[in-house]
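**Student:**
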Amino acid sequence: MVALASLAGQVVQTTSGPVRGIAAFDGAPANGTLSRLDNWQNVAVWKGIPYAASTDGANRWRPPQPRTPWNTTLIADPAPGASSSAKLPVIFWTHPAGGSGAVTLFDGGGMATQGVVYVNYNHRDGAFGFLALPELTDELRSDAARGSSSSSSSSSLTSGNWAMLDQYAALRWVHANIAAFGGDPARITVAGQSAGSAAVYHMVNAPHTLIPAGAIHGAIAESGIRDPRDPLAASLAESYNNASRPWANLTSTASFPGSGGEFRPTLDGYTLPDTYARLLGQPPSHAVLLITGNTRDESGAAFGRTMTVAQCTAALRQQYGTLAARALAAWPATNDSVAGEAYNQQWQDTSRVSSWGFARGWSNASVSSRPIYTYYWDHAPPGQNQGAHHMSEINYVLGNLYKTSLPWQAEDYAIARRMTSYWANFARTGNPNGDRDRDGIDSEDIEIWRPTVANETVVMRVGDGWGAMQIAGREQLQLIEDYFAEQVPF
1 MVALASLAGQ VVQTTSGPVR GIAAFDGAPA NGTLSRLDNW QNVAVWKGIP YAASTDGANR
61 WRPPQPRTPW NTTLIADPAP GASSSAKLPV IFWTHPAGGS GAVTLFDGGG MATQGVVYVN
121 YNHRDGAFGF LALPELTDEL RSDAARGSSS SSSSSSLTSG NWAMLDQYAA LRWVHANIAA
181 FGGDPARITV AGQSAGSAAV YHMVNAPHTL IPAGAIHGAI AESGIRDPRD PLAASLAESY
241 NNASRPWANL TSTASFPGSG GEFRPTLDGY TLPDTYARLL GQPPSHAVLL ITGNTRDESG
301 AAFGRTMTVA QCTAALRQQY GTLAARALAA WPATNDSVAG EAYNQQWQDT SRVSSWGFAR
361 GWSNASVSSR PIYTYYWDHA PPGQNQGAHH MSEINYVLGN LYKTSLPWQA EDYAIARRMT
421 SYWANFARTG NPNGDRDRDG IDSEDIEIWR PTVANETVVM RVGDGWGAMQ IAGREQLQLI
481 EDYFAEQVPF
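Residue 1 is where the sequence shown starts when you use full-length UniProt numbering, and the numbers rise one by one after that.
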């Protein structure tokens, strides 16, 4: 947890006990990187604050249990506001699958310099986070019947969503305690990338018995939310299982946490209340403002892909079936030198159309008064060969280029400043544009980011360029829509 504050070294009272943090940056700017961040000297950090009891032993396959309060001051240093009454906006960050809040890519010091309290955390993952077995379900229901479960007393409870229950518990702890760190509990924006993006959307739809009403003000879902008719929705971050699985059905490689495999959320009707498509067709439990988008070289697209015309043709025919002739015309591979890029282009168009399709569904679900902003990230960080890859925007939106040893250029710092400002403005006001004069952004230098509306087929381009861009050509858009119409909504 980090906050823009002079709270370093001060004792802060939480519901669990007193804690004391330290200065986030402990010396002069390294290689000039920190000098590009305003107010870095004033950022305080608290690390390792437990929001629930340990999940070792008997708690391994139980919902998160309350932590016994401590009496002595916890020194939260294992690794803004001048007081705890500042009421700053809060960003509550969930890391991708297999990650950890301790990974330097998710460092929030740069975000905190924008006047935001930044929180990240750990939760059970992989097998420990999503294992669903009939025996564990029986134990869970028995706990609930005895009143010892922190989730629900319903006899319909199903095991398998331990990670989600951890995530909800962490958010409840933050909502209850963030004011002591200078944060505003009425302005918490839940944010995350990939599986963290799925966690964000799960929180938005969680019942108020798990996340209290008013605990979420905004949501930022990076590289995860898609049109429920998009087949990729079933294989990316939103996916879930529909039933428990016997232990004998699990593969050895899938049995380890963080490995993915069989372990995904379970559609239990409570922790995860309904299918992805049906949830999008109704108002969410928490009426929030929302940002979502994708990067250029992910979700099927791969930077520098090479393939022959024959390979591209075969791949498009297999994917589009009866629509293949239209697909071959929409993304023509005239020779082997352009075939890979043609194939990439159809994936890139699909990602933009899919984000727009989700936004359209969001707006139609009686939440049109709650704006949704969509983006398309196309900047490739220097010193790597994957292009604008999955996770490539994170350094920039969190403003922590100082934590990654890539050969950053002046343009990277400029892009990071703009992206961090968008995210912080959204957390502060619900509008990524914020107060442009105050934030030092020349209105002639960067386009205003406008909400996505159903009758405007545009997305906000961010990275190598700024401003509204068409999600796809008319022919490509209609083809993708027709293709989605043939699919079973996820």
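Cβ coordinates follow ideal geometry from the N, Cα and C atoms, glycine included. Every value quoted in this text rests on a predicted model; they were computed, and no experiment measured them.
What are the start and end residues of each continuous beta strand (DSSP E) run of 3 or more residues lying completely inside the segment 274-347, in chain order?
**Tutor:** Taking only runs of at least 3 residues, the beta strand (DSSP E) segments lying wholly in the segment 274-347 are 289-295.
**Student:** Suppose only complete runs of 4+ residues qualify. What are the alpha helix (DSSP H) ranges in the segment 390-437, listed by chain order?
**Tutor:** With a minimum length of 4 residues, the continuous alpha helix (DSSP H) runs that stay inside the segment 390-437 are 394-397, 410-429.
**Student:** Given a cut-off of 7 Å, decide if residue 459 and residue 491 are closer than it, judged by their beta-carbon atoms.
**Tutor:** Outside the shown range of the chain (1 to 490) lies residue 491, about which nothing can therefore be said.
**Student:** Check whether the segment 390-403 and the segment 190-199 touch, using three or more Cβ-Cβ pairs below 8 Å as the test.
**Tutor:** Touching, yes, given that three or more Cβ pairs across the two stretches are closer than 8 Å.
**Student:** Restricting to runs no shorter than 3 residues, where is the beta strand (DSSP E) found entirely within the segment 349-385?
**Tutor:** The segment 349-385 contains these whole beta strand (DSSP E) runs: 372-377.
**Student:** List the whole-angstrom C-beta distance separating residue 11 from residue 24, where the pair is believed to meet the contact cut-off of C-beta under 8 Å.
**Tutor:** Residue numbering aside, residue 11 sits at position 11 when the sequence shown is read from its first letter. Residue numbering aside, residue 24 sits at position 24 when the sequence shown is read from its first letter. Incorrect: roughly 18 Å between the Cβ atoms, too far for contact.
**Student:** So for residue 476, helix, strand or coil by DSSP?
**Tutor:** Residue numbering aside, residue 476 sits at position 476 when the sequence shown is read from its first letter. Residue 476: helix per DSSP, three-state reduction.
**Student:** Name the two residues that bound the continuous alpha helix (DSSP H) containing residue 167.
**Tutor:** Sequence index remark: in the sequence shown, residue 167 carries index 167 (1-based). From DSSP, the alpha helix (DSSP H) with residue 167 extends over 162-177.
**Student:** So what does residue 490 bridge to, in DSSP terms?
**Tutor:** For the purposes of this step, residue 490 is identified with residue 490 of the sequence shown, where counting begins at 1. DSSP lists no partner for residue 490.
**Student:** Name the residue from 58, 69, 61, 43 whose alpha carbon lies nearest to the alpha carbon of residue 52.
**Tutor:** Within the sequence shown, residue 52 is the residue found at index 52, counting from 1. For the residues 58, 69, 61, 43, the minimum Cα distance to residue 52 belongs to 69.
**Student:** Could you spell out where the alpha helix (DSSP H) holding residue 92 opens and where it closes?
**Tutor:** As a working note, residue 92 is residue 92 in the sequence shown. Counting along the chain, residue 92 falls outside any alpha helix (DSSP H), though it belongs to the beta strand (DSSP E) covering 88-94.
**Student:** Would residue 411 be called buried (16 or more neighbouring beta carbons within 10 Å of its own) or exposed?
**Tutor:** For the purposes of this step, residue 411 is identified with residue 411 of the sequence shown, where counting begins at 1. Burial call: exposed.
**Student:** Where does residue 208 land, buried or exposed, given buried means 16+ other C-beta within 10 angstroms?
**Tutor:** Mapped onto the sequence shown, residue 208 falls at position 208. Burial call: exposed.
**Student:** Quick check: residue 314 and residue 347, are their CB atoms within less than 7 Å of each other?
**Tutor:** In the sequence shown, residue 314 corresponds to position 314, counting from 1. In the sequence shown, residue 347 corresponds to position 347, counting from 1. No, Cβ-Cβ distance for residue 314 and residue 347 is not below 7 Å.
**Student:** Which one or two residues does DSSP pair with residue 23 in a beta bridge?
**Tutor:** Residue 23 sits at position 23 when you count from the first residue of the sequence shown. 44.
**Student:** Can you tell which of 240, 131, 187, 22 has the C-alpha that lies nearest to the C-alpha of residue 48?
**Tutor:** Numbered from 1 along the sequence shown, position 48 holds the residue referred to as residue 48. It is 22 whose Cα lies nearest to the Cα of residue 48.
**Student:** For residue 298, which residues of its own chain have a beta-carbon under 7 Å away from its beta-carbon, when the five flanking residues on both sides are left out?
**Tutor:** For this step, residue 298 is matched to residue 298 along the sequence shown. If we look at residue 298 and ignore the five residues flanking it on each side, its Cβ neighbours are 223, 389, 390.
**Student:** With a threshold of 16 other CB atoms inside 10 Å of the CB of residue 355, please say whether the residue is buried or exposed.
**Tutor:** Translated into positions along the sequence shown, residue 355 becomes position 355. By the 10 Å Cβ count, residue 355 comes out buried.
**Student:** Does the separation of the CB atoms of residue 363 and residue 454 fall below 7 Å?
**Tutor:** Numbered from 1 along the sequence shown, position 363 holds the residue referred to as residue 363. Numbered from 1 along the sequence shown, position 454 holds the residue referred to as residue 454. Against a cut-off of 7 Å, the Cβ pair of residue 454 and residue 363 comes out as a contact.
**Student:** Would you call the segment 106-119 and the segment 416-428 touching, i.e. three or more CB-CB distances under 8 Å?
**Tutor:** Yes, since at least three Cβ pairs between the segment 106-119 and the segment 416-428 fall closer than 8 Å, the two stretches touch.
**Student:** Would you please state the rounded distance, in angstroms, between the beta carbons of residue 115 and residue 330? I believe it to be under 8 Å.
**Tutor:** To locate residue 115, count along the sequence shown from 1; it is residue 115. To locate residue 330, count along the sequence shown from 1; it is residue 330. So it is not a contact: roughly 45 Å between Cβ atoms.
**Student:** Use the C-beta contact count for residue 474: other C-beta atoms within 10 angstroms, 16 or more gives buried, fewer gives exposed.
**Tutor:** Against the sequence shown, residue 474 aligns to sequence position 474. By the 10 Å Cβ count, residue 474 comes out exposed.
**Student:** Name the two residues that bound the continuous alpha helix (DSSP H) containing residue 112.
**Tutor:** Translated into positions along the sequence shown, residue 112 becomes position 112. From DSSP, the alpha helix (DSSP H) with residue 112 extends over 109-112.
**Student:** Is DSSP giving residue 102 helix, strand or coil here?
**Tutor:** Numbered from its first residue, the sequence shown carries residue 102 at position 102. Here residue 102 sits in coil by DSSP.
**Student:** By how many angstroms is the C-alpha of residue 50 removed from the C-alpha of residue 107?
**Tutor:** On the sequence shown, residue 107 is found 107 positions in, with the first residue counted as 1. On the sequence shown, residue 50 is found 50 positions in, with the first residue counted as 1. Taking the straight line joining both Cα atoms gives about 18 Å.
**Student:** Please state if the CB of residue 204 and the CB of residue 288 are separated by a distance shorter than 7 Å.
**Tutor:** In the sequence shown, counting from the first residue as 1, residue 288 sits at position 288. In the sequence shown, counting from the first residue as 1, residue 204 sits at position 204. Cβ atoms of residue 288 and residue 204: closer than 7 Å.
**Student:** Can you look up residue 200 in the DSSP assignment and give me helix, strand or coil?
**Tutor:** Counting from 1 along the sequence shown, the entry for residue 200 is found at position 200. Reduced to three states, the DSSP call for residue 200 is helix.
**Student:** Mind checking who residue 187 pairs with in its DSSP beta bridge?
**Tutor:** In the sequence shown, the residue the question calls residue 187 occupies position 187. Answer by DSSP bridge pairing: none, since residue 187 is not bridged.
**Student:** Which same chain residues, not among the five before or five after residue 476, have their C-beta less than 6 Å away from its C-beta?
**Tutor:** Your numbering for residue 476 matches position 476 in the sequence shown. Within the same chain, residue 476 has close Cβ partners 330, 349.
**Student:** Straight-line CA distance for residue 165 to residue 140?
**Tutor:** Locating residue 165 in the sequence shown gives position 165, counting from the first residue. Locating residue 140 in the sequence shown gives position 140, counting from the first residue. Their Cα atoms are separated by approximately 13 Å.
**Student:** What are the boundary residues of the alpha helix (DSSP H) that includes residue 214?
**Tutor:** Taking the first residue of the sequence shown as 1, we reach residue 214 at position 214. Note, residue 214: premise wrong, no alpha helix (DSSP H); not H, not E.
**Student:** Applying the criterion that 16 or more other CB atoms from any shown protein chain within 10 Å of the CB defines a buried residue, is residue 392 buried or exposed?
**Tutor:** Stepping through the sequence shown from its first residue, residue 392 is reached at position 392. It counts as buried.
**Student:** Kindly indicate which residue of 277, 129, 304 has the alpha-carbon position closest to the one of residue 338.
**Tutor:** Position 338 of the sequence shown, counting from 1, holds the residue named residue 338. The candidate whose alpha carbon is nearest that of residue 338 is 304.
**Student:** Just curious, the alpha helix (DSSP H) that residue 129 is in, first and last residue?
**Tutor:** Indexing the sequence shown from 1 puts residue 129 at position 129. 126-130 is the span of the alpha helix (DSSP H), which, as asked, contains residue 129.
**Student:** With DSSP as the reference, please indicate the residues paired to residue 192 in a beta bridge.
**Tutor:** Walking along the sequence shown from the start, residue 192 turns up at place 192. Beta-bridge pairing links residue 192 to 94, 221.
**Student:** Among the residues of its own chain, which have a CB less than 7 Å from the CB of residue 365, if the five just before and after it don't count?
**Tutor:** By 1-based counting over the sequence shown, the position of residue 365 is 365. 280, 281, 282, 283, listed in sequence order.
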